[in-house]
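Protein chains in written order, with this note's numbering: chain A, 1 to 760; chain B, 761 to 1520.
Below, the structure is given as C-alpha cells:
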C-alpha cells in the first residue's frame, strides 16, 4: 500500500500577525481548500476573540454554516477562544490502497488537506525557543514545556469529493501535556430543517429502530423511540447517534459520523433545535471525564459526507480512507467467513444457552456441573452441534458458531457479576476437542463465542488463556459479546476505557491470528482498515430483535451503521413465525423470504451468517440455494438504486482471490458457484431490499461483460408477497441475460430480491 | 494444619417461635457464648421488630454495648429488621497451626462459636421446601429460590480469650442471590469516652501520623491530622480507620479491626460522637455501591480485640486465626528476605527514578530513550546497582531492590496515565540480564519493582509478561506500588474491585513462585496466612515520610497496622539529616540510631530492609553490625513491655529452619550470627523503641535457657541521646548474661535499643 503524495506545503509567513485578511464571504474564515473535483470547499479561521470556526460549502451553497471548534477542559480552562493562527499548511494526496477484504479491490484515497495551527499565547510568555530539551542547568521554566509555548491546537482538514474529515491534533511542543476534556465543542450548524434518519443518543447501545423525521422533531420523539435494552443510557432529549443520515429539501445527502475512534470516547450529537446546530456530545467515563489526552495526540476524525445521490453515500469510502493503513504485516490468516450457528434456536427460545436449572446462581470453579441435573434444553450439546456441522458442510459453509458452550450461562445476565465466565471451561455435554476434530474433518471451523457480560476486567484477565485455547483447538474466529452494564463500574460501552478495551482485544487476537466479531461493542468507525481481523461488529439492531424490527430498517443501516464497517446482521431468516421455529413462542418478523436473500448483497460483510435453523432451510431448498451460492467478499460493488429507508439495490462481483485462497473449507458454496466445472466464470450477484412500501427495482445490466451471455436466476417476491400478510411467497425464475438488458423486479413491502448472474 | 474440632451443635427446637425467653440482663439478646477461659461473653439476639443486635462483656463488664447488625441494600430493601431467628448452632475449635513465616512456630486457634440464622419471612410465602431443584415442569415460583425462603442472613460469632470475631454469611438457599450493599450497619457501641490512637478515615490512604485523643475529640481534630498525599479521600469528620486501638479508663485495651477482607470493600469506622457508637463505613465503588454480593458468600470478620494488658495486644493472633489456612500447596519457595535497595537515594533526592529530562512526556514504545540525553542522576544505573550488590553481599543480605529500572518514570505520577509502565523494558543504563547474573554470582537476588501508578487495568494487562520476565531472570520477589488515583476511574484503593485486584496479583504471583510486597495497597487483614507469598505491605506511614514522622509513630503501628500483617516499614536510617544523605536537600528524621536498630525486633516482618545508603552504614559499622546480625523470622516472640505510643520492648528467638533453608544467599548475616563456628547457638534478639518521652526499659531475661551463659551485646542510646538534639549518640556494650538477669536500658525520646544474646 504505497502512498503517493505530492506535497504542496505553503506556509504563509505573514500568518504570525493577527488580523488575517478576508479571502471569502465570511471575513473570519480566511483559509480554505477545495475538494479535488472542486465541488466542496471548506473554510476555516478564527473570530476576533480567537474562536476557531469552519464552514463547508458545496458548489457555493452552504452545507455546514459557520461552526465552532474547540474544547472545555476539566481544569476550568478552555481551548475554545483566545487563539492566534500561527501556521497554515496545505497538502494533497492521491493513492490507491487494497483492503484485505471489502466491497472492492481498489480504494482511492484522494483529498486536499489543510492543517491550521492555533496557539493560545500565554500572557508575558517568553519567545518560543526551538527544541524541547531542558538540560540547561539554569533553566527554571516548565521542564515539560521548555520552549515556552502556549496551548497549541491544530485542526487538520481533509476534503474529499464526497465529504470532509477534520480532527484536532496536539503536537508535543506545547503547554498542553496531560489534559482532560470536559466537553468537545465541535459544532455542525445545519442550513435547514433537514429530514433525518436517527436513533436516540445513548452511551451504551445503538440497538434501536431508526426514526425518520425533520430535525425539529427529534427532541419531541426521542424518548418514545427507545426500547428496553440490556443497557441503555440516554443523555439528552435531542441527542442522536452517528452515523446520522440527513437529506436536504434540495436532495443533498449529508451524513455526520466519525472515523478512527482510538483512545477517545465515541461521540453522540446533541441538537440545539432552535439553531439547528449539532454539537459533539462525548461519552463520559466513570469520573465524568470525556477524554483523557496526552500530547502528542489526535482526536478521531469528525466527518461530513455530502452527496447529491443516495447511491454515492453507499459508494463512499470516506470513513475507511480516514483510518490508518493496515497494521498487521501477515494477513494471510484473515479470510471471509460464511457461517451457520447454534444460536437462532436460543434466540427464539427453542433451546437454552444454559445447562441446568439446578442452581440459583453459579460460582465458577465451585459449582460442579457434573453433579447437577441438566434441564435437557441445552443447545450446545454434542449431538446438536454435530448436526449443524453436518448441515453446514453439506451446504458449502465455512464455519459454525456455537453459543452457550461454556459454564456460567445460568446467571450471566443482569447481575453485574464480575467473574461471570472463564472462556475455557465447557459444559459437560460439549466436547471441545471432539467437536473441533469432527468439524475440521468436514472442512468446517467452529467459531468461538466469548460473552463477556460486559465485565471487561474479567475478560482481560482470561483473554490470554482463552485465545490460547482457541489456538490449541483450531478456532480462528471469535464472536465476542458485551451485553449488560460495564465492569469497571460506572463506565459506558462508548467511554474511552471501553474504546481502548475493544481495540486491546482485537490487537491481542491479532497476535494469536484470531478474527473478531464483537457484538454490543462500539459502532465501528473504519478501524477494520487498520485491523482487518475485526471482521464484524453488531452495534445496531440486528436480526435477534425479530418482530420489533421495522421493515425499512435494513434500507437505513447501509447509510448509517455500515458506513463504519461491516455488520454481523445475521440475515437469512426464512421462517418469520417464531411459533413455528420454537413451538410455544410467539412473534413474527416483518420481511419476505426474498428480502432475506437480498440482504446478502445489500449488506456488505466479510462475515455472513445463515442464521435460521437447518430444518427451516430444508423447507425452502430452492430459496436457500442463493444463500449457498452467494459470495461474501468482492472485487467490485455497484449501487444501482438507493433511498434511505425505502430501497437499496446493489450489484457485486466476487473476489476470486478470496474464493481461491485455500481456506479450511476450500470448496465453499460460492466457490462452487463461481468455479463451475472447475473453471472460474464471470459472476455477479445483485440484491435488493425494500422498506415500508413496495418498490419496483430497475436493474440495468450495464456491468456485465459485453458479448457474454449469462445464466440469470432471480429470487423475487411473488405478486402477493408482503412482509406481514404473505412473507413466504416467492418466485424463482431462470433466464439468460446480457449486458444492456434491463430487468424490472417488483419488491413487496418488507421485500426484496436476489439475482445471480453467471457467464455461460 | 489438621483441624481438631469437637462439635457441640445445639439446635434449639423452640427457636422457630417468636418471643424468645430472657436468659440474661438484656432481654432481647437470648443467645450467648463465653470465650474458652470464660473471660469474654458475647450475647446476640433480635429486638421485638426483628433487628439483630449483639453485645460483648468482659468479666461481666460491658465492652461493647448492645449494637446493631445488618445492611441497607441498594434496591431500597434492608437486612436490618423484620428478622426471625430460625436456628442457633454452637461449635468450638482448638487447633494449633504453623505459619510459613511469622512471630512464632505454633499458633493456637481456640474459640467458641455461635451461628445465628435469621430470616425475613416473606408475606404469604409458601412453607419452605427441601432441596433447590426447579425441575418440576409445573413449578411457577422463583427458579432461583425454589424453597421459597425469605432473605436469610447468618451471623457467625467466634469468641477467643483475646477477642471477638463475627461475620455475616448468606447461604445459598435464600431469597437473596445477587444483592448490592448500600450501607453495612454494623455498630460497635463503646461504653465510654475512651482514649484512642487513630488516623482519619479515608478511602485511599492510611499514610498518616496517629493522633491520641478521647473519642469525643476525633471529629474536631480529624481534618487537621490529614497531610498531603498522592491520593487521599476522606469521607466524614469523625471517620477513623481500622485497626483502631483504644484504651478505657479502667485500663482495658480494645481494638477494632477486620479480618479476611476478600471480595468486599475495606471498612472505615464512622463515629457517632453523641452516642460513642462506631459504625462500619465501607469504601464505595465507582457507582457508589459498597459491596456486590452473590450468595452463598460471607463478609470479612469484624473484630473486637479485648486485652487487659497492652502486651497481650501484641501477642494476639486474632486476625490471623480468623483467616483461612494456607492455600498454597508447595511453600518451599517462600522465604524471609533481608534486603537493601537502590531506593533511599531517590526518596531523599540524591538521585532520580527517571532517566532523562529530554521529553515533556513519555509514550511507551514510541519514546526512544536511546536517542535521548540522560540527565545523569538516574539511580538505577549498572554501576550503582553493582555497588549495592557488592555491599549487600559483603554484609550478609539476601537481596537488593532496584526502583526506577524501567522506562516511564519521567511522567508516571499525577497524570492518571493509563499505559504508564510496561514492567518489562529497562532503561538503557540498566542491564537486566547482566545485573541479575552479577547478583546471583554473589548470592544476592534482585527484587523486582512494579510501580503501577494505580493503573491496575494496565498492570493486569502486563502482569503475565512481567511475572514471566521475573521468572526468566531469577527474580523471586516484587515490590509493587499503587501511588496516585486508581484506574479504573472512580475506584478507590479500598473499594471492592481493588481488593479483588490486590488478591489477583498475589494469586498470579503465587503461580509464578513470586513473593509480593505491595505498597499503597489496602492495609492487610491477615490474608498472609492464606497467601504467605504476601510477605509484606506498606499501608501506613513508613520511613519514606522522613521528618514528618512523629517519634511515637513506631510505638503505635504494632498495635494497629501490624495487627493485620507485616509492614515493609524500611527501618535502618542511621543518618537522620537529609542534607548529609542528599546534599542540597533538607529535613531531619526524629529518631535515634538505637531506635532504628530496635525496630528490627519490635516490628515483625519476614521482609526487612536496611534502608539507608551503603555509605551511611559505612560510617557506623558498629551499629550496623546489629542490622547484619538480626534475624527476620521467628520461633518465639515475647512482648516484655508495651504501651501504645510510648514504648515497646520485644524479645524474639530466630527460626533456625528458615535460617537453614538454603536460600540463595545461604550464609546471611543472621545465619552467621546463629551458626557461629558452624553450629547453632541459642540466640535471642531483644529490641525496644520509645516514643515522645524517654523510658527506661526493664528487660528480665527469664526467657533464656537456665544454666546457659550468653554473650550480650547491647546497642543503647547514649545518656545524652535525643531524637532531635543528639540522634546519633549511642553506646555499645558487651557483657555476659544468664536467665534471671534483669537489664535496665534507658531509652531516649524517639530512642530505643537492641540487644543480641548468643549462648557461649
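Glycine included, every Cβ here is placed at the ideal spot set by N, Cα and C.
Between the CA atoms of residue j and residue i - distance to the nearest angstrom
i: residue 40 (chain A); j: residue 244 (chain A); result: 20 Å
i: residue 1014 (chain B); j: residue 1006 (chain B); result: 5 Å
i: residue 322 (chain A); j: residue 1161 (chain B); result: 47 Å
i: residue 1017 (chain B); j: residue 418 (chain A); result: 27 Å
i: residue 558 (chain A); j: residue 545 (chain A); result: 18 Å
i: residue 1172 (chain B); j: residue 75 (chain A); result: 19 Å
i: residue 1049 (chain B); j: residue 810 (chain B); result: 25 Å
i: residue 870 (chain B); j: residue 429 (chain A); result: 46 Å
i: residue 1386 (chain B); j: residue 1518 (chain B); result: 13 Å
i: residue 250 (chain A); j: residue 193 (chain A); result: 11 Å
i: residue 477 (chain A); j: residue 515 (chain A); result: 4 Å
i: residue 1380 (chain B); j: residue 1419 (chain B); result: 26 Å
i: residue 680 (chain A); j: residue 297 (chain A); result: 48 Å
i: residue 535 (chain A); j: residue 561 (chain A); result: 15 Å
i: residue 831 (chain B); j: residue 150 (chain A); result: 53 Å
i: residue 814 (chain B); j: residue 841 (chain B); result: 14 Å
i: residue 198 (chain A); j: residue 553 (chain A); result: 11 Å
i: residue 900 (chain B); j: residue 355 (chain A); result: Note that residue 900 (chain B) scores 40 on pLDDT, short of 50, meaning its location in the model is unreliable; the coordinates nonetheless yield the value given after this. Their backbone Cα atoms lie some 19 Å apart in a straight line.
i: residue 29 (chain A); j: residue 63 (chain A); result: 15 Å
i: residue 867 (chain B); j: residue 829 (chain B); result: 30 Å
i: residue 1506 (chain B); j: residue 1496 (chain B); result: 19 Å
i: residue 1329 (chain B); j: residue 1348 (chain B); result: 18 Å
Start and end residues, alpha helix (DSSP H) containing residue i
i: residue 471 (chain A); result: 456-473
i: residue 389 (chain A); result: 382-394
i: residue 579 (chain A); result: 578-581
i: residue 268 (chain A); result: Segment 267-272 is the beta strand (DSSP E) holding residue 268 (chain A); no alpha helix (DSSP H) there.
i: residue 774 (chain A); result: Because residue 774 (chain A) is not part of the residues shown, which for chain A are 1 to 760, the question remains open.
Identified DSSP bridge partners for residue i
i: residue 255 (chain A); result: A:245 and A:305
i: residue 62 (chain A); result: A:57
i: residue 278 (chain A); result: A:188 and A:271
i: residue 878 (chain B); result: B:845 and B:913
i: residue 363 (chain A); result: According to DSSP, which records beta bridges pairwise, residue 363 (chain A) is partnered with nothing at all.
i: residue 609 (chain A); result: A:339
i: residue 1504 (chain B); result: B:1458
Option nearest residue i by Cα separation, candidates the options
i: residue 594 (chain A); options: A:337, A:578, A:573 and A:613; result: A:573
i: residue 521 (chain A); options: A:498, A:533, A:515 and A:356; result: A:498
i: residue 1089 (chain B); options: B:1515, B:819, B:1020 and B:1267; result: B:1267
i: residue 1052 (chain B); options: B:1026, B:1032, B:1231 and B:857; result: B:1026
i: residue 612 (chain A); options: A:353, A:382, A:519 and A:341; result: A:341
i: residue 969 (chain B); options: B:984, B:1454 and B:938; result: B:984
i: residue 695 (chain A); options: A:164, A:652 and A:644; result: A:644
Extent of the continuous beta strand (DSSP E) to which residue i belongs
i: residue 963 (chain B); result: Run containing residue 963 (chain B): none; DSSP gives neither H nor E here.
i: residue 356 (chain A); result: Counting along the chain, residue 356 (chain A) falls outside any beta strand (DSSP E), and DSSP gives it neither H nor E.
i: residue 1471 (chain B); result: 1469-1477
Next item on the list: Can you check the region 1231-1289 of chain B for any alpha helix (DSSP H) of at least 4 residues that lies completely inside it and give the ranges in chain order?
Entry: 1256-1271
Notebook entry, point to check: What residue ranges within the region 1328-1415 of chain B form continuous alpha helix (DSSP H) runs of no fewer than 4 residues, ordered along the chain?
Noted result: 1338-1341, 1353-1362, 1374-1379 and 1381-1389
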